[in-house]
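I have placed the structure first, in the form of structure tokens, so that the comments after it can refer back to it.
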Amino acid sequence: MPLRLLAALAAAFLAASGNAAAQEKPLAFTGARIIPIAGLPVENGVLILQGGRILAVGPAASTAIPAGAEVRDARGKVIMPGLVDSHSHIGGASGADGASPVQPEVRVLDAIDVRHASIQKAQAGGITTVNVMPGSGHLISGQTLYLKLRDGRVIDDLLVRLPDGSIAGGLKMANGTNSIRSPGGPFPGSRAKSAALVREQFVKAQEYQARRERAGNDAEKLPARDLALEMLVEVLEGRRIVQHHTHRHDDILTVLRLRREFGFKVVLHHVSEAAKVAAEIAAAGVPSSVIIIDSPGGKLETRDFALENCAALERAGAEVGLHTDDSVTDSRLFLRSAALAVRAGMTPEGALRAVTIANARMLGMEARVGTLETGKDADFILLSGDPLSVYTEVEQTWVDGVKVFDLSDPTDRLYARGGPGAGENRRPPLCCFGSAWDIIMAANGGNGQ
Amino acid sequence: MKRLLATLSLLSGSALTAAEITPPVAVLGEMVHTLSGPAIKDGLVLMRDGRITYAGPAAGRAVPADHRVLRARVVTPGLIDARATAGLSGILNQAQDQDMLDRSAPLQPELRAIDAFNARDPLVTWLRSFGVTTLNTGHAPGALISGQTMIVRTAGRSVEDDVVNPAAMIAVSLGGSAVSRAEGPPGGSAKSPGTRAKAVAMLRAELIKAQEYARKRDVKDETKRPARDLRLETLARGLDGSQRFLITAHRQQDILASLRLAREFNLRIVLDGCADAPLVLEEIKASGFPVILHPTMARASEDTENLAMDTAARLAAAGIPFALQSGYESYVPKTRVVLFEAAVAAARGLGFERALAAVTLDAARILGIDGRTGSLAEGKDADLALFDGDPFEYTAHVTATVVAGRVFADGPR
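Taken in order, these protein sequences are the chains called U and A. Position one of the first sequence corresponds to residue 209 (this note's numbering), numbered consecutively onward. Position one of the second sequence corresponds to residue 10 (this note's numbering), numbered consecutively onward.
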């Protein structure tokens, strides 16, 4: 037993340190059905990665495997891009507090726990990129965060950096009933008031922007820094996308109206009544990130929720993404949302785009993630079968060429299936009471169940 | 036709039941899962007056001319949702349509589901559109005793038409939900339990009162009998076994407390929820009591943090009788759908056959209605679900649901 334990501890340590960097030697997966999203599925495909990027992808017949590459047999499996979730609340996310309905200065960045069990479960669901959002109880509840779901030690390990070095993320806004509260406080009591408060803020931001421009390089004339207005100026300048919660068809139209007035980039989120205004959404050229829930209702603005929303938007020619809104739906079953969209009339191709490249575009990350193409991040999932089948399981999840989830690993399997311990956060290797126990149980061939 | 029959019914002024106005139906299925025997390839189900008159191979059996014919790739018994709150927890989730929990007192077994069930709530219709024909629905977890459940069909006319068993089970909750949420009246003394141990103590005290009540009620001298007490009367029915206790318990200590209560008072119980079931499989198995397991996709938090998608498979492997449920949802989605919960359980180790049984015949057995529904056999209620593919595949559809012979086909679902 002591020797066995020692071996297990050593193995755990090696596994942990081995996870730190992507392979320098090319790694090739062969024999799988590959769904690159960027093109038609390939029956006998090859995916080759190196240094965290995709080196090559294509049919076995025409895709050369470099000499010295490590080759893994993936016959019988399906490989597709890592899933992109355009709206989630994993990681213990939080945003604005109850002080005011408009708090663009608040950052989800300052609230995330990278070891949170919900992040492990998202990896188990095949999610590799995610937009972590603050809640919808405010008109503007704060800055969202685009994360790559690496096994990070600190939040910086998961961040996505823009070319200028800034941290990628959007701005969360909401209309409808969630941000409406009883009168007397600073929160709006009606829909029209909600829109008026938002317009007021953007008008202020326009003035702030103009004052800054007039000041030019003259430090004396620059207005005092205002974290909230700075953020809205980013939105006005198109450097940050508004991720807008909206359910009822009239609320959706209100978002489109605000967008026309202020010219910001926006993604419509949830859109429970999208089918009623699909033509207007398509005409505006605005993408929708749709939620699929198991029944309508639960609140007034989802009374007319329709499973057919995705199909209606697709037919109208609008861009459609899907999201988990975790914990409203479970990240581990994100592919289920795509399948239910197909059940309600969406094309299978459209539904797979909706959990990959369409969402990537909604985050402005389509150049790096969302398809399997040479040069893109090596973010992919290995499935046991058809991505739209209930009987299919996510077997492996890879981010930047590093495996972050493996169903055959007892701890990963625990997060995938649930069970005692699945609610606990990921522990650092060789740390803390309890983790040694895990390793002992692993050495004994299971997690004690 | 429906309208004509409705008009006739109005003209005659009589209370025709759903069964009486239902025209005969024949269902031809490429695969018919009867649950009363092996699946039948190219099967036929005939029904008249709300009952099944034939369920077997189509070969050699003529379809009578007066039968409306439906075809389907796959046919199953109508699905049974073994524990729901649909019809009480309405779609809007506003105060006026939420009747699943009365928070004025922690112990209210006298609250009957039949006095609250809205047969026409859109969520009842929604569940029916996914093949659900029977619900065990009623008062939600969240109070020590929140009320009763009833067994009702989803035909959506009225509770009087649709009720199967008006007083099925007494709904008890142990653990976090009853301790933290069943608040007493504002400003009043704390009537609801503040800890797990207090909750069990309160239940025991109440059951002892009910024992005493039942004893006095049965004395020969009528003048010595106590005045009727609806609350104790209900509990007395639980004590004499004519009504079962449905005990929601997720944590292993709450499951064990439920079994302890059952032993002390010789109760017939059904365990509900049971997120921690894998930790106490032996004890549950030894008790012989069935489990109505939490929804496979239920959220893991607080009392349910240990729940797993493969618990159904573990219960099956342990030989513990169980069924699946939609449960109670306080927000979005306002109800779950047992078809979907069974599908994920099937794919996470339970397998097709057992998963289908968990929402049909096994559920009927646990609810005590297997004599009339849960499988397709002559003489049973004409409750069926029709599919255009594997019922559990995400991308397949329910093409029709038949409730006591009435066909509901509002487009593929």
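The beta carbon of each residue, even a glycine, is placed where N, CA and C say it ideally should be.
Would you kindly work out how many angstroms separate the C-alpha atoms of residue i and residue j, rounded to a whole number?
| i | j | result |
| --- | --- | --- |
| Asp-372 (chain U) | Cys-283 (chain A) | 52 Å |
| Arg-60 (chain A) | Gln-157 (chain A) | 28 Å |
| Pro-208 (chain U) | Glu-442 (chain U) | Shown here, chain U extends from 209 to 657; a query on residue 208 (chain U) therefore has no answer. |
| Ala-586 (chain U) | Leu-144 (chain A) | 48 Å |
| Tyr-403 (chain A) | Lys-294 (chain A) | 32 Å |
| Gly-299 (chain U) | Val-450 (chain U) | 21 Å |
| Tyr-340 (chain A) | Ser-503 (chain U) | 11 Å |
| Arg-363 (chain A) | Pro-330 (chain A) | 11 Å |
| Thr-31 (chain A) | Ala-549 (chain U) | 34 Å |
| Arg-465 (chain U) | Leu-440 (chain U) | 17 Å |
| Asn-174 (chain A) | Gly-96 (chain A) | 15 Å |
| Asp-533 (chain U) | Ala-258 (chain A) | 28 Å |
| Ser-326 (chain U) | Tyr-623 (chain U) | 9 Å |
| Ala-164 (chain A) | Gly-52 (chain A) | 25 Å |
| Pro-289 (chain U) | Gln-604 (chain U) | 12 Å |
| Glu-273 (chain A) | Pro-628 (chain U) | 29 Å |
| Gln-252 (chain A) | Ala-176 (chain A) | 7 Å |
| Leu-353 (chain U) | Pro-150 (chain A) | 37 Å |
| Glu-509 (chain U) | Ser-480 (chain U) | 8 Å |
| Glu-399 (chain A) | Tyr-599 (chain U) | Position check: residue 399 (chain A) holds Asp in this sequence, whereas Glu was assumed. Their backbone Cα atoms lie some 11 Å apart in a straight line. |
| Gly-343 (chain U) | Ser-302 (chain U) | 7 Å |
| Leu-44 (chain A) | Leu-385 (chain A) | 7 Å |
| Ala-7 (chain A) | Thr-369 (chain A) | Nothing can be reported for residue 7 (chain A): it is not among the residues displayed for chain A, which extend from 10 to 422. |
| Leu-348 (chain A) | Val-279 (chain U) | 41 Å |
Taking residue i as the reference, which of the options has the closest Cα?
| i | options | result |
| --- | --- | --- |
| Gln-117 (chain A) | A:Val-168, A:Pro-86, A:Arg-92 and A:Ser-182 | A:Ser-182 |
| His-346 (chain U) | U:Ala-307, U:Ile-499, U:Thr-605 and U:Arg-280 | U:Ala-307 |
| Leu-393 (chain A) | A:Asp-90, A:Phe-274, A:Thr-410 and A:Phe-401 | A:Thr-410 |
| His-452 (chain U) | U:Glu-469, U:Asp-434 and U:Lys-380 | U:Lys-380 |
| Ser-267 (chain A) | A:Lys-218, A:Glu-242 and A:Ser-296 | A:Ser-296 |
| His-148 (chain A) | A:Asp-249, A:Ser-167, A:Pro-299 and A:Phe-254 | A:Phe-254 |
| Gly-276 (chain U) | U:Leu-257, U:Gly-333, U:Ser-296 and U:Ala-562 | U:Leu-257 |
| His-455 (chain U) | U:Glu-469, U:Arg-448 and U:Val-485 | U:Val-485 |
| Val-407 (chain A) | A:Met-56, A:Thr-142 and A:Leu-385 | A:Thr-142 |
| Asn-252 (chain U) | U:Pro-244, U:Gly-239 and U:Leu-263 | U:Gly-239 |
| Leu-288 (chain A) | A:Leu-324, A:Glu-311 and A:Gly-65 | A:Leu-324 |
| Val-536 (chain U) | A:Arg-345, A:Ala-245, A:Leu-385 and A:Leu-333 | A:Arg-345 |
| Tyr-500 (chain A) | A:Thr-43, A:Leu-302, A:Thr-232 and A:Val-209 | Any answer about residue 500 (chain A) is impossible in this case: the structure gives chain A only from 10 up to 422. |
| Gly-384 (chain U) | U:Glu-601, U:Arg-511 and U:Gly-593 | U:Arg-511 |
| His-295 (chain U) | U:Phe-237, U:Lys-356 and U:Met-341 | U:Met-341 |
| Leu-571 (chain U) | U:Pro-495, U:Ser-398 and U:Leu-437 | U:Pro-495 |
| Arg-468 (chain U) | U:Ala-492, U:Ser-270 and U:Glu-408 | U:Ala-492 |
| Gly-184 (chain A) | A:Asp-171, A:Thr-204 and A:Ser-167 | A:Thr-204 |
| Thr-320 (chain A) | A:Arg-415, A:Ala-367 and A:Arg-277 | A:Ala-367 |
| Ile-320 (chain U) | U:Leu-355, U:Asp-293 and U:Asp-426 | U:Leu-355 |
| Ile-499 (chain U) | U:Val-250, U:Ser-545 and U:Ala-236 | U:Ser-545 |
| Ala-180 (chain A) | A:Gly-388, A:Met-56, A:Ile-278 and A:Ala-286 | A:Ile-278 |
Quickly, what does DSSP pair residue i with across the bridge? List them, please.
| i | result |
| --- | --- |
| Phe-588 (chain U) | U:Pro-289 and U:Trp-606 |
| Leu-302 (chain A) | A:Gly-282 and A:Leu-333 |
| Tyr-354 (chain U) | U:Asn-339 |
| Ala-264 (chain U) | U:Ile-256 |
| Arg-205 (chain A) | DSSP, once it has assigned bridges, lists no residue as partnering Arg-205 (chain A). |
| Thr-257 (chain A) | A:Ser-182 and A:Asp-281 |
| Ser-98 (chain A) | A:Gln-107 |
| Gly-147 (chain A) | A:Thr-158 |
| Phe-237 (chain U) | U:Leu-255 and U:Arg-280 |
| Gly-393 (chain U) | U:Pro-391 |
Chain-ordered residues of the segment 489-517 of chain U with a beta carbon less than 9 Å from chain A = Hits within the stretch, in order: Ile-499, Ile-501, Asp-502, Ser-503, Pro-504, Gly-505, Gly-506, Lys-507, Leu-508, Thr-510, Arg-511, Phe-513 and Leu-515.
The segment 614-635 of chain U: positions lying closer than 9 Å to chain A by Cβ = Taking 9 Å as the Cβ-Cβ cut-off against chain A, the residues of the segment 614-635 of chain U that qualify are Leu-622, Ala-624, Arg-625, Gly-626, Gly-627, Pro-628, Gly-629, Ala-630, Gly-631 and Glu-632.
Counting only runs of 4+ residues fully inside the segment 495-530 of chain U, write out the alpha helix (DSSP H) ranges in chain order.
-> The segment 495-530 of chain U is shown to contain whole alpha helix (DSSP H) runs of 4 or more residues at 517-524, in chain order.
Anything in the segment 523-549 of chain U with a Cβ closer than 7 Å to a Cβ of chain A? List those residues in chain order, please.
-> Closer than 7 Å at the C-beta level to chain A, one finds these residues of the segment 523-549 of chain U: Ser-535, Val-536, Asp-538, Leu-541, Arg-544, Ala-547 and Leu-548.
Please list the residues of the segment 198-225 of chain A that have a C-beta atom closer than 8 Å to any C-beta atom in chain U, keeping them in chain order.
-> The residues in question: there are none.
Contiguous beta strand (DSSP E) assignments of at least 3 residues, all confined to the segment 22-90 of chain A | As far as the segment 22-90 of chain A is concerned, its whole beta strand (DSSP E) runs of at least 3 residues are 34-41, 49-57, 60-66 and 77-86.
Below 9 Å between beta carbons is the criterion; list the residues of the segment 373-395 of chain A that meet it against any residue of chain U, in chain order.
-> Listed in chain order, the positions of the segment 373-395 of chain A with a beta carbon within less than 9 Å of a beta carbon of chain U would be empty, since no residue qualifies.
Looking at chain U, which residues of the segment 280-310 of chain A have a Cβ within less than 8 Å of any of its Cβ atoms?
-> Shown in chain order are the members of the segment 280-310 of chain A whose Cβ falls below 8 Å from a Cβ of chain U: Asp-285, Pro-287, Leu-288, Met-306, Arg-308, Ala-309 and Ser-310.
Check each residue of the segment 585-604 of chain U: if its Cβ is closer than 7 Å to any Cβ of chain A, include it; give the result in chain order.
-> Only Leu-596, Ser-597, Val-598 and Tyr-599 from the segment 585-604 of chain U bring a Cβ to less than 7 Å from some Cβ of chain A.
List in chain order: all unbroken beta strand (DSSP E) runs of 3+ residues lying wholly within the segment 278-333 of chain U.
-> DSSP runs (the beta strand (DSSP E)) wholly in the segment 278-333 of chain U: 278-281, 286-289 and 291-296.
Short-range partners of chain A found in the segment 551-564 of chain U, where Cβ spacing is below 7 Å | Against chain A - using a Cβ distance shorter than 7 Å - the residues of the segment 551-564 of chain U are Arg-551.
In the segment 339-415 of chain A, which residue ranges form an unbroken beta strand (DSSP E) of at least 3 residues, counting only runs that do not cross its ends?
-> For the segment 339-415 of chain A, whole beta strand (DSSP E) runs of length 3 or above, ordered along the chain, are 393-396 and 407-412.
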